[in-house]
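Line order of the protein sequences matches chains A and B.
Numbering-wise (the working numbering), the first sequence opens with residue 6 and increments by one.
Numbering-wise (the working numbering), the second sequence opens with residue 879 and increments by one.
See structure below.
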Amino acid sequence: GAVVSQHPSWVICKSGTSVKIECRSLDFQATTMFWYRQFPKQSLMLMATSNEGSKATYEQGVEKDKFLINHASLTLSTLTVTSAHPEDSSFYICSAQKGGSTDTQYFGPGTRLTVL
Amino acid sequence: QKEVEQDPGPLSVPEGAIVSLNCTYSNSAFQYFMWYRQYSRKGPELLMYTYSSGNKEDGRFTAQVDKSSKYISLFIRDSQPSDSATYLCAMSMNTNAGKSTFGDGTTLTVKP
């Protein structure tokens, strides 16, 4: 199979703090990983595309300095929400592609972030 | 207006019913169409992947694409309580599934 994990599964933090979310492909190497945000009863919104060893590509309207993405290896990408605020509270989901851009993306279980 | 419109439901059916889930879209450049199933507090899981117009069947699931009408459907036969989830349609202009545009999802409950 193609398993993608995320850690933590949920996190509560105070306003102004930073939170790091990890996305790992457990049984395959992922050349590309994607980060999404999903608000309750809304669709997934692509935040950024992450390729191993290069800078992430952010979608329009997503603040690069607020949502730091690092794709350090073929099995790990991290999303850091810096200086989090209550409006950043959301469900963050990553996905990974095994091979090239034509491959299916496999989603992680998501991380629920609540900022107090 | 959103590029992809999906009736959020909720949709409730008895076990064994045939379920029809639908999405409409406005961008005629979409070529690849996907359906995902998402259980509560979990990430989406790919169910069906279709290129251009036509039908595709996989077990109890059938995906239909009508590009002339900009309309896609997912049919679930002999629905089971385990099918209770949110179903998301997604579509993309190229083969890069990661660049998909998602619908808001339809929440389905199958009652035993």
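Ideal Cβ positions, reconstructed from N, Cα and C, are used throughout, including at glycine.
As the structure is a computational prediction, the values presented were derived from the model and not from experiment.
9 Å Cβ cut-off: residues of chain A touching residue i
i, result
"residue 903 of chain B", "Correct list: empty, because the minimum Cβ distance to chain A is about 12 Å."
"residue 927 of chain B", "109"
Residues sharing a beta bridge with residue i, DSSP
i, result
"residue 935 of chain B", "B:940"
"residue 989 of chain B", "B:892"
"residue 970 of chain B", "B:910"
Short CB-CB distance (under 7 Å) between residue i and chain A
i, result
"residue 920 of chain B", "yes"
"residue 986 of chain B", "no"
"residue 952 of chain B", "no"
"residue 899 of chain B", "no"
"residue 980 of chain B", "yes"
"residue 889 of chain B", "no"
Neighbour list for residue i in chain A, Cβ cutoff strictly below 7 Å
i, result
"residue 983 of chain B", "48"
"residue 886 of chain B", "46"
Check whether residue i and residue j have beta carbons under 7 Å apart
i, j, result
"residue 207 of chain A", "residue 24 of chain A", "What is shown of chain A runs 6 to 121, which leaves residue 207 of chain A out entirely."
"residue 881 of chain B", "residue 902 of chain B", "no"
"residue 84 of chain A", "residue 980 of chain B", "no"
"residue 941 of chain B", "residue 924 of chain B", "no"
"residue 892 of chain B", "residue 977 of chain B", "no"
"residue 96 of chain A", "residue 113 of chain A", "no"
DSSP three-state assignment for residue i, whether helix, strand or coil
i, result
"residue 82 of chain A", "strand"
"residue 25 of chain A", "strand"
"residue 892 of chain B", "strand"
"residue 883 of chain B", "strand"
"residue 10 of chain A", "strand"
"residue 64 of chain A", "coil"
"residue 960 of chain B", "helix"
"residue 92 of chain A", "helix"
Listed by chain order, chain B residues near residue i by CB distance under 8 Å
i, result
"residue 117 of chain A", "919"
8 Å Cβ cut-off: residues of chain A touching residue i
i, result
"residue 923 of chain B", "112"
Chain-ordered neighbours of residue i on chain B, where CB pairs are closer than 7 Å
i, result
"residue 98 of chain A", "921"
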